[in-house]
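Per the numbering used here, numbering through the sequence shown is continuous, rising by one, with the last residue being 140.
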Amino acid sequence: MEEKTFDPDLIRAIFKLVWEKRGAEREKNQLSENEAEVQFQLHLCAKVSLFRWTKYDEEKQANSCSLSNTANGNALKLSCELLRVFVAEAIQRAAAIAEAEGSLKIEATHLERILPQLLLDF
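Below is the structure:
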């Protein structure tokens, strides 16, 4: 019997959200760096012809890399399985702590106690 796992489309959506946020942060940081670089270049190259400056901009755009925001299907399946195992292990460890305390429910405090070691193990 195949165990239920996380939906790959859900994991893809989470990855995409993270990639978009990181891309926006990277773009924001890059813009501030580019503004300083352009001002510096304008200061140093005040007497350079417009043709040279246009060629510099075109070369810079051609050299800038754009990161891919896609994930291989197998990578998504593997991510889903890793997440499933992680959650199952967290539940088992938290249940053991709850049982040792005589509790019938897993509470947030049980998860808080097992998370540091769980993160180190994964």
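For glycine and all other residues, C-beta sits at the position ideal for the given N, C-alpha and C.
- If you draw a straight line from the Cα of L35 to the Cα of L101, it comes to about 17 Å.
- Between H128 and A112 a beta carbon distance of about 4 Å is seen, short of the 8 Å cut, so the two are scored as contacting.
- Annotation for A113: the continuous alpha helix (DSSP H) segment containing it runs 91-118.
- Looking only at L137, I109, D139, Q135, the smallest Cα-Cα distance to A126 is reached by I109.
- When secondary structure is reduced to three states using DSSP, I124 falls in the coil class, being assigned neither helix nor strand.
- Here I32 is exposed, its C-beta having fewer than 16 other C-beta atoms within 10 Å.
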